[in-house]
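The opening residue of the sequence shown carries number 513 in my numbering; numbering runs sequentially from there. For glycine and all other residues, C-beta sits at the position ideal for the given N, C-alpha and C. Written out below as structure tokens is the structure these notes cover.
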Amino acid sequence: LDKGEKPEVSVHKLGKSVAAHESVPFSLFCFLKYPDSFKDCLKCAVLNGGDRDTLGAMACSISGAYLGVDAIPEKWKKKIENATLIKELAEKLYEKHTCYSRL
Numbered sequence: 513l514d515k516g517e518k519p520e521v522s523v524h525k526l527g528k529s530v531a532a533h534e535s536v537p538f539s540l541f542c543f544l545k546y547p548d549s550f551k552d553c554l555k556c557a558v559l560n561g562g563d564r565d566t567l568g569a570m571a572c573s574i575s576g577a578y579l580g581v582d583a584i585p586e587k588w589k590k591k592i593e594n595a596t597l598i599k600e601l602a603e604k605l606y607e608k609h610t611c612y613s614r615l
């Protein structure tokens with residue numbers, strides 16, 4: 513694959529179904545194509561057909577972990593269900609990680 517390749521070309525090479533062996537490679541492609549833009553990564557994942565919710569969830573999980581919560585547009589964050597609970601769980605996970613990483 514070529515980073516300059518259009519997503520609509522790559523999706524046919526990598527796959528886009530619910531099967532992990534097809535959805536994971538294209539999700540990674542979207543992140544690698546747009547490593548600095550959460551929004552563009554999401555658009556890449558969901559605008560090329562296939563199992564859009566799975567592709568979007570996987571690609572944006574990677575993008576969000578890499579870029580951080582500030583990369584997500586504010587108006588999108590306001591629509592997240594259970595945002596407070598998600599933030600609390602994320603903070604607990606981070607605390608556990610930092611506890612173990614100091615060993």
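Three or more pairs of CB atoms, one per stretch, sit closer than 8 Å, so the segment 541-552 contacts the segment 570-590. Distance from the Cα of Asp582 is smallest, within the candidate group Glu600, Asp548 and Tyr606, for Asp548. Taken through DSSP and simplified to helix, strand or coil, Tyr546 comes out as coil. Around the beta carbon of Asn560, 16 or more other beta carbons sit within 10 angstroms, so the residue counts as buried.
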